[in-house]
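Residue numbers (the working numbering): 60 to 430. Idealized CB from N, CA, C, for every residue including glycine.
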Ligand SMILES: [Zn+2]
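The following block contains the structure:
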């Protein structure tokens with residue numbers, strides 16, 4: 060993902076040694092002022108190798124911009140210093156032993172901090188809701204009620220697993236398996252959510268075949284097993300890479316992670332399909348509820364899915380605001396240097412996923428109240 064190949068020291072020294080021979084020619088020729096700007100000065104290999112020396116030969120000099128990389132040891136605030144606690148560094152104070160001028164995180168921040176805190180707080184809240192629900196919310200302990208409680212518990216499991224992943228994500232060794240835990244818990248929450256929605260729509264599985272009930276969980280299990288096998292076949296070195304680690308104006312946004320590489324599309328497509336699996340319950344929803352109630356439940360669920368899809372687009376497609384911030388274009392109000400947090404695209408995805416989970420739980424409670 061690092062996009063600034065021109066920053067390699069070997070290539071830089073090659074370019075400068077070439078320039079020395081041109082400098083003598085340039086001294087005897089009139090110069091024009093010309094600038095490629097930051098983006099173009101780090102252009103493609105062809106531009107660097109042929110166009111720049113040619114322009115300089117004819118007296119047009121490209122402005123050389125220094126490249127400062129986000130994953131340079133001096134700018135790296137992602138890796139946690141040996142001997143420091145991962146929990147303390149990510150959640151509270153990340154002391155790298157250096158000062159970080161120009162970092163959006165301040166001197167002691169960590170880019171995973173907001174993502175970790177957002178799912179820690181919401182995970183605890185959902186755990187309390189799931190534990191208290193059978194005593195304070197449920198009147199009849201029907202299958203649909205029990206499935207709804209289980210779904211709330213699975214959301215708590217997903218958010219707390221996500222917190223474990225984000226706290227351990229600076230460790231290449233630990234993140235190999237905590238990332239698997241993170242995805243496993245997401246697929247588990249999707250499976251429990253699917254069964255709960257189906258139980259509500261069919262009034263606790265009245266006249267329902269077992270295959271229809273296990274359809275969703277089976278799909279989640281197949282995807283989880285596929286990516287688990289993939290993980291065991293690849294070494295940690297093959298998948299560990301930096302994200303936004305290239306030439307950067309604002310620092311603190313660089314992340315390292317185990318990438319899905321050639322299977323990124325498969326991961327995104329399967330996640331999208333599993334998250335819209337709710338729609339298979341719509342016909343039975345209209346069969347078992349009045350049109351008005353069924354439409355209300357459906358609209359609530361559609362709003363949840365729309366929020367989830369918006370989060371996926373922000374985090375995976377437009378990567379807002381990470382890319383803009385790394386280019387020094389703002390919006391800087393999303394960064395808090397005093398608390399060492401940035402609302403990255405992934406943090407925004409976390410917040411949207413919490414909103415969707417709350418709305419999903421509310422829509423299930425509304426549907427159950429009609430039964
Ligand atoms: Zn996450």
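beta-carbon residue i near ligand 1 non-hydrogen atom, thresh 7 angstroms
i	result
residue 174	yes
residue 230	no
residue 221	yes
residue 409	yes
residue 225	yes
Residues that residue i bridges to, as DSSP identifies them
i	result
residue 394	401
residue 314	302
residue 162	310
residue 128	306
Inter-residue Cα distance where the pair is residue i and residue j
i	j	result
residue 325	residue 300	19 angstroms
residue 152	residue 385	22 angstroms
residue 426	residue 332	24 angstroms
residue 406	residue 266	42 angstroms
residue 364	residue 158	42 angstroms
residue 271	residue 248	18 angstroms
residue 412	residue 377	17 angstroms
residue 198	residue 256	19 angstroms
residue 373	residue 218	19 angstroms
residue 167	residue 154	5 angstroms
residue 316	residue 240	14 angstroms
residue 213	residue 185	9 angstroms
residue 138	residue 355	47 angstroms
residue 273	residue 398	45 angstroms
residue 424	residue 281	30 angstroms
residue 246	residue 125	45 angstroms
residue 183	residue 192	14 angstroms
residue 128	residue 381	15 angstroms
residue 421	residue 338	18 angstroms
Limits of the unbroken alpha helix (DSSP H) element including residue i
i	result
residue 371	350–371
residue 329	323–334
residue 430	It is not in any alpha helix (DSSP H) - residue 430 carries neither H nor E in the DSSP assignment.
residue 198	No alpha helix (DSSP H) contains residue 198, which DSSP labels as neither H nor E.
residue 387	Residue 387 -> no alpha helix (DSSP H), and no H or E assigned at all.
residue 341	341–347
residue 151	Note, residue 151: premise wrong, no alpha helix (DSSP H); not H, not E.
residue 282	269–292
residue 259	231–260
beta-carbon residue i near ligand 2 non-hydrogen atom, thresh 7 angstroms
i	result
residue 405	Among the ligands in the structure shown, ligand 2 does not appear; only ligand 1 can be found there.
Burial state of residue i (16 or more Cβ within 10 Å)
i	result
residue 313	buried
residue 340	buried
residue 295	exposed
residue 428	exposed
residue 366	buried
residue 297	exposed
residue 133	exposed
residue 389	exposed
residue 232	exposed
residue 187	exposed
residue 308	exposed
residue 178	buried
residue 194	exposed
residue 342	exposed
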